[in-house]
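Residue numbers (the working numbering): 2 to 214.
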């Protein structure tokens, strides 16, 4: 039987990727326990069993690890949205598609308050994602846009309105009842209001102007 040799460089890359994963997992755990503001490279290094100078070879600053966490969070959100999309039948009704996508988004936010704060608020003074890290957020916005298009939401203004309504719902939930469902259970009503608004507007636009044949 033939065996496939793994090159030394591939093993090094695999080990590095594994270490990066361990560092990010430790950072998420510490952020959940102590908050993002208190996150320090020294504490992260101790959690993964390395000296702080060794950690600097992976992440040279707190800003760098926050960027990596931001990208990691968006990667996970992308997986969640993709999973919902793939589980829905191709002919799923627009309302069902919107409700399930937005419900999954709220659930993702509720699962980790530190992650929500990092990804969807500007509550960390002195830090904002770098341009390269921010692309992960733009990729998710495009992904959501593609999925909503299947529900008939194709106008850029409607997409803005839909995401604004959803973000408001998420913000209320996270600020006032992060572990409950006071606002998350209203997703269906928000979707109904949104669909009613767009449908009635489209009907008005389709009516012939008075005095025309």
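Glycine included, each C-beta is placed from N, C-alpha and C at the ideal position. Only a predicted model underlies this, so the values are computations on that prediction, with no experimental measurement involved.
Within the segment 125-209, the complete alpha helix (DSSP H) segments of 4 residues or longer fall at 132-150, 157-177 and 188-207, listed in chain order. Between residue 115 and residue 33 a beta carbon distance of about 5 Å is seen, short of the 8 Å cut, so the two are scored as contacting.
Under a 10 Å Cβ-count criterion, residue 74 is classified as buried, with 16 or more other Cβ atoms of the shown protein chains found around its own Cβ. Sorting 15, 47 and 14 by C-alpha distance to the C-alpha of residue 27 places 47 at the top. By the neighbour-count definition (other C-beta atoms within 10 Å, threshold 16), residue 99 is a buried residue. Taking C-beta atoms as the reference points, residue 86 and residue 142 fail to come closer than 8 Å. Rounded to the nearest whole angstrom, the C-alpha separation of residue 186 and residue 117 is 19 Å.
Less than 8 Å separates the beta-carbon of residue 68 from that of residue 130.
Its chain contains 69, 70 and 73 as the residues whose beta carbon lies nearer than 7 Å to that of residue 25, once the 5 sequence neighbours on both sides are disregarded; these appear in chain order. In this structure, the straight-line span from the alpha carbon of residue 172 to that of residue 11 is close to 43 Å.
Counting only the Cα atoms, residue 192 lies some 42 Å from residue 20.
Residue 144 sits away from residue 103, with the two beta carbons spaced by 8 Å or more. Residue 104: member of the alpha helix (DSSP H) spanning 95-111, first to last residue.
For residue 49, the CB contacts under 6 Å within the same chain, skipping 5 residues up- and downstream, are 23, 24 and 27 in chain order.
According to the DSSP assignment, residue 38 belongs to no alpha helix (DSSP H), since it is labelled neither H nor E. Taking every protein chain shown into account, the CB of residue 174 has 16 or more other CB atoms within 10 angstroms, so this residue is buried.
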